[in-house]
Structures are given as C-alpha cells and as structure tokens.
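Report on the following structure.
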Amino acid sequence: MTNETAERPVNFIRNIINDDLATQKHQQVKTRFPPEPNGYLHIGHAKSICLNFGLAEDYQGGCNLRFDDTNPAKEDMEYVESIKRDVEWLGFQWDGEIKYSSNYFETFYDCAVELINKGLAYVCFLNAEETREYRGSLKEPGKESPFRNTAPQENLALFEKMRAGGFKEGECVLRAKIDMASSFMCMRDPTLYRVRFEHHHQTGDKWCIYPMYDFAHCISDAIEGVTHSLCTLEFQDNRRIYDWLLEHLDAFNRPDRPHQYEFSRLNLEYTVMSKRMLHQLVGDKLVEGWDDPRMPTISGMRRRGYTPASLRDFAERIGISKVDSMTEMGILEAAIRDDLNVVAPRTMAVMDPIKLVIENYPEGELESIQAPVHPQNEEMGKREIFFGRELYIDRADFMETAPNGKYMRLAINKEVRLRNAYIIKGERFEEDADGNVTTVYCSYDPETLGKNPADGRKVKGVIHFVEASKALPAEFRVYDRLFTVANPAKEDDFEAVLNSESLLLKQGFVEPSMANAPVEQAYQCEREGYFCRDNKITDRLVFNRTVGLRDVWAQKK
RNA sequence: AGGGAUAUGGCCAAGUGGUAAGGCAUCUGGUUUUGAUCCAGUGUACCGCAGGUUCGAAUCCUGCUAUCCCUGCCA
220 MTNETAERPV NFIRNIINDD LATQKHQQVK TRFPPEPNGY LHIGHAKSIC LNFGLAEDYQ
280 GGCNLRFDDT NPAKEDMEYV ESIKRDVEWL GFQWDGEIKY SSNYFETFYD CAVELINKGL
340 AYVCFLNAEE TREYRGSLKE PGKESPFRNT APQENLALFE KMRAGGFKEG ECVLRAKIDM
400 ASSFMCMRDP TLYRVRFEHH HQTGDKWCIY PMYDFAHCIS DAIEGVTHSL CTLEFQDNRR
460 IYDWLLEHLD AFNRPDRPHQ YEFSRLNLEY TVMSKRMLHQ LVGDKLVEGW DDPRMPTISG
520 MRRRGYTPAS LRDFAERIGI SKVDSMTEMG ILEAAIRDDL NVVAPRTMAV MDPIKLVIEN
580 YPEGELESIQ APVHPQNEEM GKREIFFGRE LYIDRADFME TAPNGKYMRL AINKEVRLRN
640 AYIIKGERFE EDADGNVTTV YCSYDPETLG KNPADGRKVK GVIHFVEASK ALPAEFRVYD
700 RLFTVANPAK EDDFEAVLNS ESLLLKQGFV EPSMANAPVE QAYQCEREGY FCRDNKITDR
760 LVFNRTVGLR DVWAQKK
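Per our numbering, residue 220 is the first one in the first sequence, and the count goes up by one each step.
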C-alpha cells in the first residue's frame, strides 16, 4: 500500500481486509451491494453503498450490484429501476453486468440437490404453525421433524416434485438438517426453499419454488467471488448458517470463500429508516411519495437538494463500527453545507416580501449591477441584478425600532446595507389594519455602491432584496424535521409524532437571473439558506430549501 | 436453559500493553457588503462498573451491569 491509504478512514473492516491481503487469503477485494427490490433506497443504504463501493475503489477491486430477488411476492421492477438510478446518482459504477440472485436459481437448485444427497436436507411436511412449535424456544431445544430422516432418494423425488408444481403453497418446504438444539435459532433446521406460485419479475413463471435469503445469499456471494460480504448487525446469528452452507457445498468450501462481516446500520435522529415505516408513510399519504423532500430516501434527498458528494462525505464522517448508534442531524447538515458553500452560486430571494420605497431615488429609473456569483470565488463570474426605486425586502428584516444595540437590520432612523447595492436609511413606514407592515420608506446614499461611506461612518447590517419591477414570483418550500421526537421508531404509533410543520410554503420573489434555474441545481439564497429548483414541478418557479445557513443569531434569540 | 453482539467527552469515531486522534456540536476572540464562510482558540473523557495481572492497561484476565439482536415457509 502507498501512503495514500493513510488518508483513508480507519475501521475494523479495513483492518480485516488489510490482514486478508497480507496473509494472501485473498489477492483482491470483491464486495457487493445486495438490495431487495421491495422499496426505495434511503440514507442508510447510502452508508452501505459508500462502504461497499468505496472499499472496491480504494483496493482496486470490484463491487457488484445484486438484486436479492428471492421473494417475488414483495418485489417489483419499479424498485429495481429506482435502485439503479440511485446508485448511479451517488456516483458509483458496479462491476460488470447487474446481477440478480435469480440468475443463480438453477445453481441453487443443484446445491439443494447436493445437500439432499449428502443427507443434509429434507422435504418437510409440517405446516407453518407446527414448524414453529417444533422449533422450541430461546431457552428450550426444538424437536426433530418426523420427516427429518426420510432417505435421500425419497427426498430427491419429493424435491423434484416441489419444483414441478406437485405441491401446494405451504404444503411442504425443503429444510437443512442441522441441529434442532442449537442455541442459534437459525440453525434449527432452517427452511431453504418454499413453494410460491408467484410471477417473478425476472424469471417469469419458470419457478414455483423460491430459495430463502439464508440459502441464496451465501451461495450468490460465492458464485460472484465476493471476498467480504458486508451486512448489518441483525445478521450476526445468520453468519452461522452462511458458513455452514458454504462449508458443506463442495464447490464453495475453499480457503478463499466469502466471509460475512457485520456493521451497525445507520439511525438518524428525527426520521425513520425502516422500509416498513417508509412504506406506511407513502401508503397513508402522509408524504407526497418516496421522493418527498422530507423523506430520508435517496430520491427524496436528491429532490431536496442534497448532492452525491455530500452524501458520500456524510458516510465518511460517520464511519463504520459495530456500536448501536443514533446519529445527530447536525452531521448530515454540516456535510451538505460544506459542499454547497463552495459550489453553490449565490442569489437573492425574498420569501416573505414587504415593499421598500427609496424616496430619493429617481422615479422610473432602473440600474443594472454586476454582482459576484460567489464572493469567495471570482472565477464563478458575475450575474446581473437590478436596483430601482421600489424593492422587496423580507418582513423579518425590518422593525420600527431596534430592540437592542446588537440588532443589525433595518429600522426607522437606522442605516443598513442592501446586499450588493447601496446603504439605505429607514424614514417611515405604513401598516395595514392588522398592524402588519406593508411598505417601508427609505432614503439611500448614492455614494455607497461598492464602497463604504466616505465620512467613515460604520454601517454593520446587511440585508438582501429584489428589485420589484424585475422580480420573478416564486414559491419556496421550507422543510423541517419529519418527526417531533428524536427516535420515532420507538413510539407505539410513529405517525402520531409526525411534525405538522415539516413543510412551510412561502410565496415570494427571486432575481431575474433565476428565470431558467435548472432543476436540482443548488443555489445559496444569501442569508436564507441553500435551495434548489424542484425536479417535479417545473412549469413555475418552485424552490426546495435543502438546509438553512448556520444561524448563531437564531440560537441566541 | 439460552445464544449472539456492543459499551471511549453532548453525537459519531480512532486506538489492538507505554501513558486518550479526528469530525460534528458547544463556547471565546478576529476578519467579513451573507448575524454565512474563513481564521485562531476552547473540553478535569474516573475509556460502562468492580476486582486482578503488569514497572506500566481503554487495550490482558475474572466477575458484574446496561443496551441491541435471534423462536418468518421476510430480508
């Protein structure tokens, strides 16, 4: 390894890989990302994707994308398409063709036959309930199935009949003969195959028996030459059957066979990560869909304005370990801000507009100003903004009288800088019957465009604006956390704890330079936050707030 | 009569017998036409608890405790 690896993050999996390479157990690294196509990918999957594909990149190995499609009842092509899209969007390229567990159905069948011939698998006619009773409990051993000692020849015939459609769903299953007294429940003669007369999105109606995850996964890994099979903590017990199967199958019982290692799944505060709950939110129409910008799905976060780079950076920041953890939103937000701060063009938008009239500015005059696209990066160029007698500013940027000496916004008799333009001073204002400010009248200092006052007076506050005649109406969607509690999954009814203010719609204005803002392009609306044009509603200007700017002022208030 | 895991500052997370990295958050200054960014600084961490081994332990041993996972013909 070169010293470049010193730059890489350190974690227990990398330590294992380094050892395996050093001892020549493996010559190269092969990983895989094995989603079941029964839902959309979320930020937790992104963690796994970054781990698996990242390892493959760093060790110059490969990573397969394999759809774990062993349960046709729950799976759908819509999901395989969305998953492919999400992985590519994140910036990863899978090794070779896309793989499906169903590619190997014939091999699985042969493996089952091998086990039957070795007396290590049998067809069992106990029904589901009986099987559960026979399994015993956590503290008591199970009982052996009466079908456990059927002769291999007979099992073979029975299994062939299963494949041929000779048994009804639930009538029988193929089980491995392992140990009904094992302390690992998954080793008490686990089911290998079940009968399902179900149309499969890849294999059509060719099969009516489908392998179980435990049987299919290890063999798929072995077929693909996976060296390090990474999964989450809840599969730790399953590692025993993973190993047992590969050790009892002649073709795969080799020193360089795959091994499974488990890391902890991502838990993020104020959201849920379980597919079941995500499905429920979509199904109950509590969100717009899988790509609702409040969802922790990759497609939702993409629509919200998260970038692939920020998600990859986030994955790196949280690291990999085996500790059950709950990650704060702050880490995610820091990652997206750090990315967008350097790449996002700046713009000005007013989201809760009030009129501002500059009384000493000539009526009917409009001036053009070249404003930097990014104040810290001149190479990003300039954009044209306008200045005139009538402008819009944000309601929150004006008060009749400053509450204290630290107040930095506009007030009567107080001076403030209009961002990219002149210094103005509040003179008087008008309000409606309800006491809401409607118009603020100001004077401006014509000698302060691009420079400070010659007399040396200090004007600290800066507020943003949009010139009224050129302003473009726009909608802003301001998102907040989806739930009101840090760990909604722990609630009896997680939907009861949804944040009713997770979406705020605001009608305001953007500068004319935003007229043709491309979808998903990140902008920083100065002093407001990072926004991007919605990728679904494109016939008008709709902007999603990705994340606000860090706001020390708001924290202190 | 169970078994499998995990416990390092508020949140992540390095560390694998030689005297506790880093990130996020926090707080304090400085710069600033974004109360942003940036820069500099900021933490007495009984390394879950209690014993033990050792010149020396977060790291080894013993015993506890807490939390998570396992009894789908789901993955």
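Just so you know, even glycine gets a beta-carbon here, dropped at the ideal spot from N, CA and C.
Just so you know, these numbers come straight off a predicted model, no measurement behind them.
Spatially closest choice to residue i from the options, by CA coordinates
i, options, result
"Ser540", "Ile517, Gly549, Gly524 and Tyr480", "Tyr480"
"Val656", "Ile631, Leu274 and Met381", "Ile631"
"Thr703", "Glu694, Val716, Asp712 and Tyr341", "Val716"
"Leu411", "Asp462, Val342, His467 and Asp557", "Val342"
"Asp433", "Gly444, Asp408 and Gln421", "Asp408"
"Pro594", "Asp571, Cys330, Ala563 and Ile612", "Ala563"
"Pro572", "Phe684, Lys387 and Arg636", "Phe684"
"Tyr660", "Gly600, Glu634 and Tyr278", "Glu634"
"Val392", "Ala370, Gln372 and Phe366", "Phe366"
"Gln726", "Ala568, Cys330, Arg513 and Lys677", "Ala568"
"Ala193", "Asp398, Asp674 and Asn560", "There is simply no residue 193 to check, as the chain begins at 220 and stops at 776 in what is shown."
"Glu507", "Leu701, Thr446, Asn596 and Phe231", "Leu701"
"Ala736", "Thr566, Leu585 and Ala590", "Thr566"
"Ile643", "Glu584, Thr667, Glu363 and Thr326", "Thr667"
"Arg476", "Ser732, Val248, Gln774 and Gln279", "Val248"
"Gly483", "Gly263, Pro254, Lys494 and Thr326", "The sequence given here has Ser at residue 483, not Gly. The candidate whose alpha carbon is nearest that of Ser483 is Gly263."
"Arg413", "His436, Asn579 and Phe344", "Phe344"
"Asp758", "Asp770, Tyr742 and Ala734", "Ala734"
"Leu760", "Met599, Glu388 and Cys751", "Cys751"
"Leu452", "His467, Gly654, Val542 and Leu505", "Val542"
"Arg608", "Leu585, Met599 and Phe471", "Leu585"
Residue range of the unbroken beta strand (DSSP E) whose run includes residue i
i, result
"Pro409", "Here Pro409 belongs to no beta strand (DSSP E), and DSSP marks it neither H nor E."
"Thr250", "Lys249 to Phe252"
"Tyr749", "Gly748 to Arg752"
"Tyr429", "Ile428 to Pro430"
"Phe728", "Leu722 to Val729"
"Gly281", "Gly281 to Phe286"
"Ala734", "Note, Ala734: premise wrong, no beta strand (DSSP E); not H, not E."
"Ile588", "Leu585 to Pro591"
"Ser448", "His447 to Thr451"
Residue range of the alpha helix (DSSP H) that includes residue i
i, result
"Glu466", "Arg458 to Glu466"
"Arg304", "Met296 to Trp308"
"Ile612", "Note, Ile612: premise wrong, no alpha helix (DSSP H); beta strand (DSSP E) at Glu609 to Asp613."
"Pro371", "Pro371 to Arg382"
"Arg351", "Ala347 to Arg354"
"Gly258", "No alpha helix (DSSP H) contains Gly258, which DSSP labels as neither H nor E."
"Ala241", "Phe231 to Ala241"
"Phe533", "Pro527 to Ile537"
"Leu497", "Lys494 to Gly502"
Check: residue i C-beta below 7 angstroms from any heavy atom of the ligand MN
i, result
"Asn486", "In the structure shown, the ligand MN is absent, as is every other ligand, since no ligand is present at all."
Three-state secondary structure (DSSP) of residue i
i, result
"Tyr580", "coil"
"Leu339", "coil"
"Gln421", "coil"
"Arg513", "coil"
"Val569", "strand"
"Leu691", "strand"
"Asp475", "coil"
"Cys330", "helix"
"Gly549", "helix"
"Thr757", "coil"
"Gly600", "coil"
"Pro665", "helix"
"Pro365", "coil"
"Pro228", "coil"
"Glu390", "coil"
"Lys670", "coil"
"Val766", "strand"
"Leu357", "coil"
"Val681", "strand"
"Val704", "coil"
"Phe169", "The shown model of the chain, from 220 to 776, leaves out residue 169, and the question about it has no answer."
Local Cβ density within 10 Å of residue i, reported as buried at 16 or more and exposed below that
i, result
"Asn763", "buried"
"Trp772", "exposed"
"Gly624", "exposed"
"Met570", "buried"
"Phe292", "According to the sequence as given, residue 292 is Ala; it is not Phe. Ala292 comes out exposed."
"Gln243", "exposed"
"Ile756", "exposed"
"Ala347", "exposed"
Whole beta strand (DSSP E) runs in the stretch 617 to 659 with 3 or more residues, listed along the chain? 634 to 637 and 642 to 650
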